[in-house]
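J.:
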Amino acid sequence: MQSTRTFTDKLFLVLKGLGMGAANKVPGVSGGVVAFVAGFYEEFIYSLKKVNKKAFALLLNGRFRSFYHYINGRFLSLLFLGMLISYFSVSKVLDYLIKHYELYVWSVFFGMIIGSIYYIYKDFDDWNPKTYLSLIIGVLLGVSISFLTPATQNDNLWFVFFCGIISVSGMTLPGFSGSFILMLLGNYVLLLVDSVNALYDTFSEIILGDFSFTQNEQRINMLKILLVFTLGSITGLVTFSHLLSYILKHYKSITLASIIGFIVGSLGVVWPWKNTIFKKHSDGPLILDSNGQKIIHNYERFIPELNTETYLALGFIIIGVAIVLSLQWYGQKTKTLA
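Add 28 to a position in the sequence shown, counting from 1, and you land on the number used in the working numbering.
Quick look at the structure:
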């Protein structure tokens, strides 16, 4: 699976990692969809599956080069480099855009989901009673999850570890948004905003020679939470990859039909026209997180009026579809050249 890659291929792989990282942070958007549409989903799952007993044996025996080659290390390292850069750059930009241009950002995502459905559906021709049933179940699950009410924040380390396992599901299962599930579990702000910002601030202070954070109990607790969340995420990646590899091998058509259904069901999460409902105390005031930010409770969706803003949003939906079709074209071109 590990093949020779040109500099352009490596650059695009990092950019795909950027896309996956950004998508994983947005509630309702799945990084797995980016992998699926860009044409590297199966290689991604295959590479993660190689993190097994043999890989750990190679690592413990000091055979680092063999370990790197065995797990398709060049592919994974470039992809995760892009994701890491995304968490400290693209995701910050994304946070800003959602805050100031929320309708248009969600419109792009909505268009990308529509494009993803088209991409997966157009090449799927194994329709039968089982796959139709899988499609319907996928749609119902996607719709059901999109209308659940979020829980309250919980920083228990065992629960944080579980959240880590769940959060990476969006990377391995297209259409399943790990960040939206984190929002439902009540820990989206804690794990994808507060803890990431704590790590960013810590790195900034270390670079400046400031180690006062070691005396900051709240900061240390945040870093501990992030560490446990990361361990849970790694566990989830490896576990899900083995499970999905088996399912794709033995039940590929049923799995793809379920994915199509799940992505269709997730359209409700990324519907651009919605009002955000924030969490409130029983006596009225809004509940704020540790940074003084309002905490999302749910969304109230509505049908928009036809005006300039709506037409612009529709234009951004078309842009979203075009982005996916462009990724599809590049993925097919890469396969052809290979």
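Note that beta-carbon positions come from the ideal geometry of N, C-alpha and C, so glycine has one too.
Let me check understanding here. Comparing Cα to Cα, which of Leu236, Gly49, Ile194, Gln243 lies closest to phenylalanine 116?
T.: Of Leu236, Gly49, Ile194, Gln243, the residue nearest in Cα terms is Gly49.
J.: Would the stretch 289-305 count as touching the stretch 156-173 if we require 3 or more Cβ pairs under 8 angstroms?
T.: A contact exists between the stretch 289-305 and the stretch 156-173.
J.: Can you give me the C-alpha to C-alpha distance between phenylalanine 108 and glycine 214, rounded to a whole angstrom?
T.: Looking at the two C-alpha atoms, the distance is approximately 26 angstroms.
J.: Whole angstroms is fine: what's the gap from serine 211's alpha carbon to serine 223's?
T.: Reading the sequence as shown, one finds methionine at residue 211 and not serine. Approximately 15 angstroms between the Cα atoms of the pair.
J.: Measuring straight from C-alpha to C-alpha, what distance separates tyrosine 96 and phenylalanine 64?
T.: About 24 angstroms.
J.: In angstroms with no decimal places, state the Cα-to-Cα distance between leucine 227 and phenylalanine 257.
T.: Taking the straight line joining both Cα atoms gives about 13 angstroms.
J.: Using C-beta distances below 7 angstroms, list every residue in its chain close to isoleucine 164, excluding the 5 sequence neighbours before and after it, in chain order.
T.: The answer, listed in chain order, is Gly289.
J.: Just the Cα atoms here: how many angstroms apart are alanine 51 and isoleucine 141?
T.: Distance between the alpha carbons of alanine 51 and isoleucine 141 is about 11 angstroms.
J.: Nearest to isoleucine 113 by alpha carbon, out of Lys38, Ile234, Leu43, Val221?
T.: Answer by Cα proximity: Leu43.
J.: Determine the DSSP secondary structure at lysine 82, reduced to helix, strand or coil.
T.: Reduced to three states, the DSSP call for lysine 82 is helix.
J.: In three-state terms, what does DSSP make of glutamate 333?
T.: In this structure, glutamate 333 counts as coil in the three-state DSSP scheme.
J.: Decide yes or no for the touch test of the stretch 237-248 against the stretch 265-273: beta carbon pairs closer than 8 angstroms, at least 3 of them.
T.: Output reads no: the stretch 265-273 does not touch the stretch 237-248.
J.: Using 10 angstroms around the beta-carbon of serine 205, count the other beta-carbons present and answer buried if the total reaches 16, otherwise exposed.
T.: Buried: at least 16 other Cβ atoms inside 10 Å.
J.: Can you say whether isoleucine 305 is buried or exposed, counting buried as having 16 or more other CB atoms within 10 angstroms of its CB?
T.: Classification for isoleucine 305: exposed.
J.: Hey, quick one: how far does the alpha helix (DSSP H) through isoleucine 291 stretch, first residue to last?
T.: Element bounds for isoleucine 291: 280-293.
J.: Evaluate the contact criterion for the stretch 60-75 versus the stretch 184-203: three or more CB pairs, one atom per stretch, below 8 angstroms.
T.: Verdict: yes, contact present.
J.: Are three or more beta carbon pairs between the stretch 134-150 and the stretch 78-96 nearer than 8 angstroms?
T.: Touching, no.
J.: Quick one: Cα of valine 349 to Cα of valine 133, how far?
T.: In a straight line, the C-alpha of valine 349 is about 13 angstroms away from that of valine 133.
J.: Between tyrosine 279 and isoleucine 287, what straight-line distance do the alpha-carbon atoms span, to the nearest angstrom?
T.: About 12 angstroms.
J.: Rounded to whole angstroms, what's the CA-CA distance from valine 352 to valine 61? Just pull it up for me.
T.: Those two C-alpha atoms are separated by around 9 angstroms.
J.: Going by alpha carbons, who is nearest to leucine 254 out of Ile282, Asn225, Thr36?
T.: Here the closest residue by C-alpha is Asn225.
J.: Alpha carbon to alpha carbon, how far is leucine 161 from tryptophan 186?
T.: The alpha-carbon atoms of leucine 161 and tryptophan 186 are separated by roughly 36 angstroms.
J.: Does the beta-carbon distance from serine 135 to alanine 341 come in below 8 angstroms?
T.: Yes.
J.: In chain order, what residues of the same chain have a beta carbon less than 8 angstroms from the beta carbon of valine 167, not counting five sequence neighbours either side?
T.: Excluding positions up to five away in sequence, the list reads Gly289, Phe290, Val292, Gly293.
J.: In angstroms with no decimal places, state the Cα-to-Cα distance between leucine 125 and glycine 110.
T.: In a straight line, the C-alpha of leucine 125 is about 20 angstroms away from that of glycine 110.
J.: DSSP three-state label for threonine 304, please.
T.: Reduced to three states, the DSSP call for threonine 304 is strand.
J.: Roughly how many angstroms lie between the CA atoms of isoleucine 262 and asparagine 89, to the nearest whole one?
T.: Those two C-alpha atoms are separated by around 21 angstroms.
J.: Evaluate valine 121 with the Cβ neighbour count: other Cβ atoms within 10 Å of its Cβ, from every protein chain shown; 16 or more gives buried, anything less gives exposed.
T.: Result: exposed.
J.: Residues in the same chain with beta-carbon distance under 8 angstroms from lysine 252, minus the five sequence neighbours each way, listed in chain order, please.
T.: Cβ within range, chain order: Leu185.
J.: Do you know how far the Cα of valine 217 is from the Cα of lysine 53?
T.: Looking at the two C-alpha atoms, the distance is approximately 11 angstroms.
J.: According to DSSP, glutamate 328 sits in a beta bridge with which residue or residues?
T.: Beta-bridge pairing links glutamate 328 to Asn303.
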